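Before any comments, here is the structure.
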């Protein structure tokens, strides 16, 4: 009997996690990965650090090379682009991008892990030289090389989300460019509530970065095909380099052409085992749909953590074992200049727009006991569902050592704990780590007090 | 009708938390606190930082002064020692330590929050000048003043637990004394398993501190009533100052004399509402008994976190409201030179001695993505109960940024999550904070693999 063959399209987080997991669980199936770029298993999240010269060797951001995968029995073909999927014939059409050779490969099982691509709105001049999106490791290498060759002095970042801000930090604080951020919304970091994002904008400005909120980019000005400026609805900014940080969209043309149904933002619809509705076809990572643990609603989350989990689950189910992706809380953390910013679960504005009864509380506290020399500050916001008193969301903004507490909140929310359970948790304390009541518990106690006063107020009326 | 009167004996974490909580919930009852020392509401945990000159003003370690409490309607009498409790007559005998005046005060409700005192084994010479225990803020002030006046060159720390090690760090790294640690057990930090404590001893030695394990102190050598050395069963160490860090015992002579039943280590037995079996008498903090969330067994834990929770609950129940202390996991964290050390839940050696089926796994990982410049290292150990696969305990040792993850583990254990639930948790990631699978999840995945291989091995036999 010939060997079964599993083909994986896409050799980054989800694809290679699935390949590695499948290899561990199933020693027999032949595993072939086609990756159109030159690298596998790299950390996209590291790109701003490479561009900002914190990291100087891009190979450091590759967790496993094609050669290492080959040694473990996974065949990896980089610079090979899958161009067509036939789900009836169980084949995939592939182009070797170096030689131009085209061939067809048969599969028994197929995993689509084609990732996501930066959103490129149809702004005039968006294709000019010097305008970059941030996606693959290769795109990061290209940005850095272009900067070395062209020595830009003025950067404009379009989009104030985490990628935009990480790139703004690299440009402004690390590379010393005259840097501006243009964001259409009234706040930076749209993944947190406005009252948690303010200090981030203040800090960026203090670092010398210009921040323009509630401004839309109308055009990129060019000369000889090269960017020279950014025209917004309020002003014109000179620019030698422009970084687009407007988020990403799933890369699902290939899947869609093959007849796979798409969901949120065009991501491939999958069940909890990462199976698409088409037999023997899986999807995972930034191209696949996720769902919210709390609401069950479909979501698209393009994060490395999720892609790795997707891939791991796909590896299990492709091996014929039961495993389920548990869904997401949208947990995320990033570091922008002096601030760490983290969030998980639901925002206040989501509770309002979904018309869910809730109460929020924000406290200011310290990252250490206040008498310790380098104690920093932090702000914790908890979103609590009523009348259940369950924690629905948490946001943290603070200096070094503040934000990883979001993981405690993610566990709390996943477990369905109430604000009272949080006060009761046996969390750790020593002066170099936190005040005696951890800031998370301070926020929970504060909200207990708010609810108590609210109830008293109601009784006394 | 005369006002009800609540008397609280002890003005530190538990007593003052209870006073503040009772005041908030009940505006009528008269609240009087008797504290035999000069300070209230201070951070005992800050003492090593004061002795080590990280903190120079002891007032910074006082979170609320007697004057501040008085303003909020709590009468605080410092340097007033309660000497006798009559639970039938509902009175307490008090001595004003400044004037020597004795008086009797009537109470409707009484809270005993008399704390704990350093264990002083009957070693010859233990009363010599220069031999110190670490307990009250006053004791810290006395150590520092004595050191300023006597300029000791050689310190011996007796006991390698967290207080001993924090004081050793202060003496060795901060103050430059020739420092030795003598510990009877085969490892430092008996609150973690031996395989997690090794690197701490190695690091202390690297910092120039001498560490003597499996050695017992037999006598303190003295000259003219002043310590000059420490004689162990293996050697004699010269010493100008000796710090006893052998743990603490509850201060419960007063409670015991009043007929209150004592439990573990002589701590006052209380119910979940911090009520003693004697009507109208409560106990809280380092003098009161706690219990283990996982096993329900009574424990004595003398930590600020627990004392604050005890006090808070006592404040509620003294106000006539329902509230329960949830028990402890023994969560603790400390920083010793370059290492952060944290633990929660059950140790491997406890599972063995209790004969509970389990599996453990240790992984080595990083505090950041490995390509980030100042990435540190960390070691995570998870203890997993079988066949339930529930996380029973966690231990973390690592450099800056490692250990606060123990709070996530505390939430995980409290929620009864399995090793599989942990792998599935939506934890945060960005390169400056962790690898893409957080080290906690790496440990959980490692243990999943161990269990899988064990089961396969069993099937193939």
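Chains as they are written, first to last, in our numbering: chain W, 13 to 473; chain C, 13 to 473. Glycine included, C-beta positions come from ideal geometry on N, C-alpha and C. If you're wondering where the values come from, they're calculated on a predicted model, not measured in any experiment.
Classification of residue i by the beta-carbon crowding that lies within 10 angstroms, buried from 16 upward
{"i": "residue 367(C)", "result": "exposed"}
{"i": "residue 467(W)", "result": "exposed"}
{"i": "residue 303(C)", "result": "buried"}
{"i": "residue 364(W)", "result": "exposed"}
{"i": "residue 369(W)", "result": "exposed"}
{"i": "residue 236(C)", "result": "exposed"}
{"i": "residue 71(C)", "result": "exposed"}
{"i": "residue 47(C)", "result": "buried"}
{"i": "residue 162(C)", "result": "exposed"}
{"i": "residue 469(C)", "result": "exposed"}
{"i": "residue 115(W)", "result": "exposed"}
{"i": "residue 298(W)", "result": "buried"}
{"i": "residue 474(W)", "result": "This structure does not reach residue 474(W), given that chain W is present from 13 up to 473, and the question cannot be answered."}
{"i": "residue 428(C)", "result": "exposed"}
{"i": "residue 156(W)", "result": "buried"}
{"i": "residue 110(C)", "result": "exposed"}
{"i": "residue 314(C)", "result": "buried"}
{"i": "residue 450(W)", "result": "buried"}
Any chain C beta carbon closer than 8 Å to residue i
{"i": "residue 50(W)", "result": "no"}
{"i": "residue 16(W)", "result": "no"}
{"i": "residue 40(W)", "result": "no"}
{"i": "residue 304(W)", "result": "no"}
{"i": "residue 58(W)", "result": "yes"}
{"i": "residue 436(W)", "result": "yes"}
{"i": "residue 32(W)", "result": "no"}
{"i": "residue 54(W)", "result": "no"}
{"i": "residue 477(W)", "result": "Residue 477(W) falls outside the range modelled here, since chain W spans only 13 to 473, and no answer is possible."}
{"i": "residue 320(W)", "result": "yes"}
Closer than 8 Å to chain W by CB, residue i
{"i": "residue 276(C)", "result": "no"}
{"i": "residue 310(C)", "result": "no"}
{"i": "residue 266(C)", "result": "no"}
{"i": "residue 67(C)", "result": "yes"}
{"i": "residue 329(C)", "result": "no"}
{"i": "residue 103(C)", "result": "no"}
{"i": "residue 429(C)", "result": "yes"}
DSSP-derived helix/strand/coil call for residue i
{"i": "residue 373(W)", "result": "strand"}
{"i": "residue 51(C)", "result": "coil"}
{"i": "residue 125(W)", "result": "coil"}
{"i": "residue 401(W)", "result": "coil"}
{"i": "residue 355(W)", "result": "strand"}
{"i": "residue 145(C)", "result": "strand"}
{"i": "residue 304(W)", "result": "strand"}
{"i": "residue 459(C)", "result": "helix"}
{"i": "residue 87(C)", "result": "strand"}
{"i": "residue 130(W)", "result": "strand"}
{"i": "residue 322(C)", "result": "helix"}
{"i": "residue 119(C)", "result": "coil"}
{"i": "residue 349(C)", "result": "coil"}
Residues that residue i contacts on chain C, provided the C-beta gap is smaller than 9 Å
{"i": "residue 35(W)", "result": "Ordered by position in chain C, no residue passes the 9 Å Cβ test against residue 35(W), which lies about 13 Å from the chain."}
{"i": "residue 413(W)", "result": "412, 413 and 416"}
Proximal residues of chain W, C-beta to C-beta of residue i below 8 Å
{"i": "residue 417(C)", "result": "416 and 419"}
{"i": "residue 27(C)", "result": "Correct list: empty, because the minimum Cβ distance to chain W is about 14 Å."}
Contacts of residue i in chain W (Cβ-Cβ under 9 Å)
{"i": "residue 279(C)", "result": "Residues of chain W passing the Cβ test: none, with the nearest at roughly 17 Å."}
{"i": "residue 24(C)", "result": "Near residue 24(C) there are no residues of chain W at all, since even the closest Cβ is about 11 Å away, more than 9 Å."}
Closer than 7 Å at the beta carbon, the chain W residues around residue i
{"i": "residue 203(C)", "result": "None at all; the shortest Cβ gap to chain W is about 12 Å."}
{"i": "residue 73(C)", "result": "383"}
Interface residues of chain C facing residue i [CB-CB closer than 7 Å]
{"i": "residue 224(W)", "result": "Those within 7 Å of residue 224(W) in chain C number zero; the least Cβ separation is about 25 Å."}
{"i": "residue 424(W)", "result": "423"}
Closer than 8 Å, Cβ to Cβ, to anything on chain W: give me those residues from the region 440–451 of chain C, in chain order. 440, 441, 442, 443, 444, 445, 446, 448, 449 and 450
Between the region 148–176 of chain W and chain C, which residues of the former have a C-beta closer than 9 Å to a C-beta of the latter? 174
Residues of the region 331–346 of chain W with Cβ closer than 7 Å to any Cβ of chain C, in chain order: 338, 340, 341, 343, 344, 345 and 346
Residues within the region 378–394 of chain C neighbouring chain W, beta-carbon criterion of under 9 Å: 381, 382, 383, 384 and 385
Listed from N- to C-terminal order along the chain, which residues in the region 352–369 of chain C have their beta-carbon within a distance smaller than 8 Å of any beta-carbon of chain W? 352, 354 and 356
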